[in-house]
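To start, the structure itself, in structure tokens.
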Amino acid sequence: MSVADSTLRPADPYRLGYRAPNLARGHGGGGPATKRVIVGYGFWLFLLSDIVLFSCLFAAYAVLADATAGGPSARGIFDLNRVAVETACLLASSFSCGLATIAVARRNQILAQVALTITGLLGLAFLLLEASEFAALHAHGYGPTRSAFLTGFFTLVGCHGLHVTAGLLWLGTMMAQSFAKGFRPDIGRRFLCFSMFWHFLDIIWVAIFSLVYLVGTRL
Amino acid sequence: MLGKLGWNAIPFDQPIPLTAGAVVMLILLGILVFVIVKGWLPYLWKEWITSVDHKHIGIMYVLLGLVMLVRGFIDAIMMRSQQALAFHAQGYLPPEHYDQVFSAHGTIMVLFAAMPLVIGIMNFVVPLQLGVRDVAFPTLNSVSFWLTATGALLVNLSLVVGEFARTGWLPYPPLSELRYSPGVGVDYYLWAVQISGVGTLLTGINFVTTILKIRAPGMTYLRMPMFCWTALASCLLILAAFPVLTATLAMLTLDRYLGFHFFTNEAGGNAMMFMNLIWAWGHPEVYILVLPAFGIYSEVISTFSGKPLFGYRSMVAATLFICIVSFCTWLHHFFTMGAGGDVNAVFGITTSIIAVGTGVKMYNWLFTMYGGRIRFDTPMLWSLAFMTTFITGGLTGVLLAVPPADFVLHNSLFLVAHFHHVIVGGVVFALLAAIAYWWPKAFGFRLHEGWGRAAFWFGFVGFYVTFMPLYVVGILGMTRRLQHYDVPEWRSWILISGLGVLILIGAVICQVAQLVVSIVRKNALRDVTGDPWDGRTLEWATPSPPPVFNFAVLPQVKEAEYYWEAKRRAREAARLGKEPDYAPVEMPRNSPTGFVCAFFATVIGFALIWHIWWLMIVGLVGAYATFVVFAWRDVPEYAIPAEEVARIDRANRAARGEALTGEALA
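Chains as they are written, first to last, in my numbering: chain A, 1 to 219; chain B, 1 to 666.
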């Protein structure tokens with residue numbers, strides 16, 4: 001059997017697709033990647049799947065944008081000044097989240113806690129502004145049940161708001177943990193994921209800001 | 001206080017679900033009492049329920065899948081017998097019950113039988129084939145399993161508390177909207193599928209990370225066994241498709257719970273958007289199931305032909321081709337819904353093109369067998385049956401891909417025959433082959449061959465007798481999901497199909513008998529060396545069953561089919577390679593997080609279905625508390641000392657050395 005096996009193996013002059021193995025860890029030749037790479041990589045995949053989820057909500061909003069059922073359209077119901085302040089809050093919170101990354105890298109507990117508190121407060125301000133927008137629309141009778149357009153709007157923006165809420169809960173838990181336990185490696189990895197999540201929420205918001213608010217009010 | 005829940009939720013006037021529910025509960029209660037009396041509860045809790053070992057989680061997935069497969073098969077028996085009786089008559093199932101039966105059958109078979117079985121096999125096999133000790137996120141893996149189990153529990157609960165959806169396995173609006181389905185049936189569907197869908201998504205993340213980032217040293221992409229490639233492609237599809245399912249079901253949920261207008265008839269809602277979104281998930285879902293099945297056939301055919309897989313690189317290319325093109329065909333599920341000739345033509349062509357990838361695979365399997373010394377054990381029999389069955393089933397699919405033909409055949413039993421032809425012939429045959437093939441690895445003894453062959457022949461023949469007549473009645477114009485009919489031309493074909501189900505019952509009995517007989521005679525069937533089939537991939541390098549750490553020392557992979565080559569060298573030298581240096585092994589500690597998470601997910605799901613808002617809040621707080629407790633733990637791992645590792649590995653080396661000298665003497 002063994003002889004037949006070696007003589008029957010066909011010649012393969014080009015060895016297409018077979019290169020010398022990359023010897024770095026996590027790249028085939030070097031064995032499993034480090035824990036930090038594995039956790040970060042897995043969380044990236046989660047974020048990609050979350051982007052797919054948001055893309056469905058964007059698509060639904062685009063399909064339903066003209067289905068106003070005699071109700072209001074995107075033109076005229078949004079207060080762009082409030083949206084500008086919301087955007088400023090969220091983008092500034094990403095900056096302070098970046099400062100927290102530096103503080104964690106330097107093992108500076110006080111700076112990390114301060115930067116994360118600022119991040120959380122800015123996120124909270126964003127949420128309160130969004131809630132006031134929703135409340136104002138609702139008071140005018142423009143709730144999500146009014147038309148398919150408003151259904152799509154409230155779901156898309158509300159889903160982002162729910163993500164921010166979950167992020168705040170995560171942030172608070174992680175701050176308490178890092179205060180109680182110090183900068184353990186597992187908490188460091190969790191922080192890496194949180195900062196990725198927080199910047200990801202920015203990217204989604206930029207898309208919402210452009211496609212829903214700017215395009216909606218200008219077209 | 002209890003929302004919509006009341007005594008009227010329990011169907012006291014319907015004897016069938018009530019008796020079925022009572023029997024199931026008695027069986028469960030009996031098992032529980034038996035386990036407690038025998039004192040097995042601490043063992044079950046420590047070794048299985050809280051286990052984060054990918055092998056144990058995989059086995060639990062397979063067990064869940066098999067139980068739900070039987071449940072779905074009972075639904076199938078009810079449907080076939082109802083149609084056999086309901087000629088010029090009402091049969092024994094009233095329409096509202098019959099509608100629940102076919103909806104539950106489809107939902108269970110795809111999401112709670114086939115998916116757990118496929119994911120279970122992936123769980124068990126992939127880390128072993130990659131030559132590593134566990135998946136990327138072991139505790140998350142346990143969470144995935146228990147969330148899937150939660151979904152299955154909710155579906156079964158609907159049998160006795162309330163009702164299940166009457167909308168078909170995909171709840172098309174506007175029928176599934178609150179106005180036309182006011183009961184809790186669709187809500188059971190939504191929350192069961194949503195919760196288990198989250199579990200599946202987490203599995204996708206876990207396995208893509210594992211396959212791309214955690215492989216034994218030297219295990220480059222083109223040295224990975226074929227099953228790992230197909231598992232990777234399947235999990236990439238899960239990552240891209242399951243969020244679409246989550247979003248779509250969330251939209252329908254908002255329509256039903258908060259009066260939104262995504263898919264309603266009023267206020268500008270758009271029901272066609274649901275068809276597009278659900279099939280943008282639904283079509284890749286087919287390939288999520290069948291790609292790992294292709295991987296299983298590749299392993300089995302190569303092993304039982306005693307040859308390397310023919311055209312390995314073209315197989316990888318075909319797998320990734322199917323992975324991508326599967327996202328470009330979804331519209332063929334609703335050619336008749338008015339997208340227009342141009343759009344239909346494009347999707348008809350993409351649907352035909354995807355068959356090319358499968359064709360490449362078919363030729364590769366044929367050439368793998370060509371010139372090989374083929375052994376006809378049960379896994380190989382299932383694989384051969386698959387090849388003939390899947391080609392014809394695929395051809396009827398290509399026929400349906402032609403839009404004008406589809407206009408004639410859509411929504412008929414021809415379609416039902418087609419997708420059972422490919423899913424049973426493609427996925428179920430593969431899973432039965434996989435269970436027979438990897439059973440010795442999982443439990444340390446083989447399955448009884450005679451009963452396995454009997455199950456195969458009953459299953460193979462029964463499948464054809466059941467589904468071929470459905471093609472004929474489909475062409476004769478019989479639409480699917482008929483509760484009764486009065487066309488005499490259909491009658492005899494429906495009766496033949498019913499006969500086929502009887503043969504399939506024989507297959508199920510043989511399969512169960514095989515398990516019982518094998519467990520009773522396990523000493524005679526024991527697999528001593530850990531390599532009962534003369535395997536080619538790394539899982540056969542471990543003892544059967546593998547120790548918790550899988551490999552005493554991570555293998556240093558030097559070439560494709562590394563284990564086969566190492567075995568060949570050992571045979572030529574008539575002795576094993578030299579003993580490795582053993583070191584202590586760090587393994588993740590068991591954790592009840594998954595089980596507790598699923599408990600709260602069940603509470604939340606049940607509360608949402610019945611509108612018990614306070615209970616939902618309790619569930620959410622409990623889930624958050626579980627998360628915090630898990631995050632707070634200090635010691636995530638434990639060490640296995642080097643002596644223990646050495647003891648286990650030396651025992652296996654002794655068995656293998658003995659087999660080797662025996663072989664040399666023979």
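No residue lacks a Cβ here, since even glycine has one placed at the ideal position from N, Cα and C.
In this structure, Phe595/B is the residue among Phe630/B, Ala651/B, Phe595/B, Leu608/B with its C-alpha nearest to the C-alpha of leucine 44/B. Taking 8 Å as the threshold, the shortest C-beta distance from histidine 56/B to chain A does not fall below it. For valine 300/B, the enclosing alpha helix (DSSP H) starts and ends at 271-305. Inside the segment 58-107 of chain A, DSSP marks no whole beta strand (DSSP E) run of 3 or more residues. At a cut-off of 8 Å between beta carbons, leucine 69/B makes no contact with chain A. Sequence-distant Cβ neighbours of threonine 368/B in its own chain, meaning closer than 7 Å and more than five residues away, are Ile301, Ser302, Ser305, Lys307, Leu309, Phe310.
The Cβ atoms of serine 147/A and alanine 67/A sit closer than 8 Å to each other.
Closer than 8 Å to the CB of leucine 48/A there is at least one CB belonging to chain B. By the beta-carbon neighbour count (other beta carbons within 10 angstroms, threshold 16), aspartate 75/B is buried. Within chain A, not a single residue places a beta-carbon under 9 Å from that of proline 546/B; the smallest gap is close to 18 Å. Under a criterion of Cβ atoms nearer than 8 Å, the residues of chain A adjacent to threonine 248/B are, in order, Cys56. Proline 15/B sits exposed, since fewer than 16 C-beta atoms from the chains shown fall within 10 Å of its C-beta. Taking every protein chain shown into account, the CB of histidine 140/A has fewer than 16 other CB atoms within 10 angstroms, so this residue is exposed. Taking a contact to require three or more Cβ pairs closer than 8 Å, the segment 379-399 of chain B and the segment 411-418 of chain B qualify as touching.
The residue from Asp53/B, Gln83/B, Lys55/B, Thr107/B with its alpha-carbon nearest to that of glycine 72/B is Thr107/B. Take threonine 542/B, set aside five residues on each side of it, and the residues of its chain with a beta-carbon closer than 7 Å to its own are Leu128, Gly530, Asn550, Phe551, in chain order.
Within the segment 125-143 of chain B, those residues whose Cβ lies closer than 7 Å to any Cβ of chain A are, in chain order, Val132, Ala136, Phe137.
Under a criterion of Cβ atoms nearer than 9 Å, the residues of chain B adjacent to tyrosine 41/A are, in order, Ala136, Val208, Thr209, Leu212, Lys213.
Looking at the DSSP output, alanine 639/B shares a beta bridge with Glu586/B. Alanine 216/B places its beta carbon less than 8 Å from that of proline 555/B. Interface with chain B (8 Å Cβ-Cβ cutoff): phenylalanine 194/A is excluded. As computed with DSSP, threonine 479/B is found in a beta bridge with Ser412/B. Taking a beta-carbon distance threshold of 8 Å, phenylalanine 149/A counts as an interface residue toward chain B. Following the DSSP letters along the chain, one finds phenylalanine 376/B in no alpha helix (DSSP H), marked with neither H nor E. Listed along the chain, the chain A residues whose CB falls inside 7 Å of the CB of leucine 239/B are Leu45, Leu48, Ser49. Contact of leucine 258/B with chain A is assigned, a C-beta pair being separated by under 8 Å. According to DSSP, residue pairing for phenylalanine 445/B in a beta bridge involves Arg526/B.
Counting only the Cα atoms, arginine 106/A lies some 49 Å from alanine 114/B.
Non-local C-beta neighbours of leucine 254/B in its own chain, meaning closer than 6 Å and more than five positions away in sequence, comprise Phe260, ordered along the chain. In this structure, DSSP gives asparagine 265/B a state outside helix and strand, which the three-state scheme calls coil. Taking the C-beta atoms as reference points, valine 198/B is found no nearer than 8 Å to cysteine 597/B. Secondary-structure assignment with DSSP links phenylalanine 87/B through a beta bridge to Tyr485/B. Under the DSSP assignment, tryptophan 191/B falls in the alpha helix (DSSP H) whose first and last residues are 185-213.
Tyrosine 257/B and leucine 249/B have their C-alpha atoms roughly 12 Å apart.
For leucine 538/B, there is no enclosing alpha helix (DSSP H), as DSSP marks it with neither H nor E. With respect to the C-alpha of arginine 453/B, the residue from Ile604/B, Met380/B, Ser492/B having the closest C-alpha is Met380/B.
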